[in-house]
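Below is one structure, written out as structure tokens, with a few remarks after it.
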Amino acid sequence: MADPADFSFSIGTRLEGRHGRSGVLRTPHGDISTPAFIPVGTKATVKAVLPETMREIGAQALLANAYHLYLQPGSDIVDEAGGLSRFMNWPGPTFTDSGGFQVMSLGVGFKKVLAMEAVGVQSDEVIAKGKERLAVVDDDGVTFRSHLDGSKHRFTPEVSMGIQHRLGADIMFAFDELTTLFNTRGYQEKSLQRTHEWAQRCIDEHERLTAERSHRPYQALFAVIQGAQYEDLRRKACRDLEALRGSAGTGFDGYGIGGALEKHNLGTIVGWCCDELPEDKPRHLLGISEPEDFFVAIENGADTFDCVNPSRVARNAAIYVAEGRFNINTSRFRRDFTPIDENCDCYTCTHYTRAYIHHLFKAKEMLAATLCTIHNERFTIRLVDNIRASMDGGNYDEFKAETLGRWQGRITTP
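Mapped onto my numbering, the consecutive letters of the sequence shown carry residue numbers -13 to 400.
Next comes the structure, spelled out in structure tokens:
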């Protein structure tokens, strides 16, 4: 039954003098020890890997995408199956993002990401070179054409909430407008107000659907904080979103920190937000997975993170190890009969050699993507798990210095 008490967040160890903390996120489908990396299964699957395998390598939760599942197979089918967890045979907690990122990024011709370095250029008509605009935003929502077949669709805050309620994830995100660093300050201000108004509509619809669908477990709703690189806009967004309430008094269950930001400002922006956000609510940072980013984000108050990168680069033969990243399809690994990483406990490293995986890529065998994704996801999950353990064990700063000292050596061919 839909009981908001089934979702909660408790704080464990705090990093002295910083916003960072460990904790536990409780959901109807299980607990998440934080900080935690949440692997991305965009279309209800982490590409090339079984859900059961994701559990074996330590994933505590998975994130799927409302936009993609709305287009295929349809949120009604997932709902009929009993929700996302049952549909994909994943026993743990799930997240869904609102679809806003994909509507806008695909809508302006970017396949996966929006340009995140403005390099002094500003334009409110950002679009990928040689592409046509597939999405148009207005104050009520976004009209877009499917990247699959060109069919026309419309997302509003109410539509996004309906899709996500049918998908049934434990944690879902309010529908927001994505901006880029190309956008002008004036547009950022206008967009922030639009996202605020959409957030109110999301809360109202969330309350209505929670009551209507009381036979389903409670789903937590997180706001999304925009504001690009502007401190005043980020802080205003946090304060305004925290103050929002539905007609029954419902506020947001947590907060997502999203939107455009430059990598070197990551910690500063997360810190601004966590200065303003309530201590007792979880904070999710959308779209990071590099080791140095984890440390910066965690110190500044982020609790959970998601990113497609570990699986995406794995499909292109890029491998993470403690000393950096390298490509396993290069010729020097043809006769290398050692594991990817002798210190890794994943299935790939305990059963296969670099030479075999090199062969799989050269032979264009699908197993290559499976084995490399298992390793990269395990590397990323274990790293964040170890950061959490170092926080609870009181040796966070020493662990950070040792880990980044090795990682920033940046090997090319180990």
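Glycine included, each C-beta is placed from N, C-alpha and C at the ideal position.
Within the model, the alpha-carbon separation for residue 221 versus residue -2 is close to 25 Å. In this structure, the straight-line span from the alpha carbon of residue -11 to that of residue 255 is close to 33 Å. The beta carbon of residue 252 is closer than 7 Å to those of 279, 282 and 283 in its chain, skipping five residues each way along the sequence. Here residue 33 carries a coil assignment [DSSP, helix/strand/coil]. The DSSP-derived three-state label of residue 172 is helix. Take residue 291, set aside five residues on each side of it, and the residues of its chain with a beta-carbon closer than 6 Å to its own are 23, 271 and 274, in chain order.
Every beta strand (DSSP E) stretch that sits fully inside the segment 232 to 283 and reaches 3 residues is listed by chain position as 240 to 243 and 269 to 272. The beta carbon of residue 325 is closer than 6 Å to those of 335 in its chain, skipping five residues each way along the sequence. Judged by their CB atoms, residue 27 and residue 52 are not nearer to each other than the 7 Å cut-off.
Setting aside the 5 residues that flank it on each side, residue 320 is surrounded in the same chain by 341 and 344, each with a C-beta closer than 7 Å to its C-beta; the list follows chain order.
Taking C-beta atoms under 8 Å as the contact rule, residue 50 and residue 80 qualify, at a distance of about 6 Å. Here DSSP, grouped into helix, strand and coil, assigns residue 373 to helix.
Contact between residue 161 and residue 146 holds: CB atoms are separated by about 4 Å, below the 8 Å threshold.
The C-alpha of residue 301 lies about 11 Å from the C-alpha of residue 315. Distances from the alpha-carbon of residue 219 to those of 173, 235 and 250 put 173 closest. Counting along the chain, no alpha helix (DSSP H) covers residue 157; the unbroken beta strand (DSSP E) around it starts and ends at 157 to 159. When the alpha-carbon of residue 44 is set against those of 371, 375 and 386, the nearest one is in 371. The DSSP-derived three-state label of residue 26 is strand.
Within 10 angstroms of the beta-carbon of residue 156 lie 16 or more other beta-carbons, which makes it buried. Contact between residue 244 and residue 212 holds: their C-beta atoms lie close to 7 Å from each other, under 8 Å. Looking at the DSSP output, residue 177 shares a beta bridge with no other residue.
Counting C-beta pairs with one atom in each stretch, the segment 132 to 152 and the segment 55 to 64 have three or more that are closer than 8 Å, which means they touch.
Residue 314 carries a coil assignment under DSSP once its states are collapsed to helix, strand and coil. Selection 379, 153, 182 and 285 evaluated against residue 125 yields 182 as nearest (Cα-Cα). Taking the CA atoms as reference points, residue 330 sits about 28 Å from residue 1. In the DSSP assignment, residue 344 falls within the unbroken alpha helix (DSSP H) covering 340 to 348. Between the beta-carbon of residue 247 and that of residue 237 there is about 25 Å, and that puts the pair past the 8 Å contact cut.
The continuous stretches of alpha helix (DSSP H) do not include residue 11, which lies in the beta strand (DSSP E) extending over residues 7 to 13.
A distance below 7 Å separates the beta carbons of residue 227 and residue 209. For residue 14, the closest of 170, 358 and 70 by C-alpha to C-alpha distance is 70. By DSSP's assignment, residue -3 forms a beta bridge with 9.
Residue 393 and residue 310 have their alpha carbons spaced roughly 5 Å apart.
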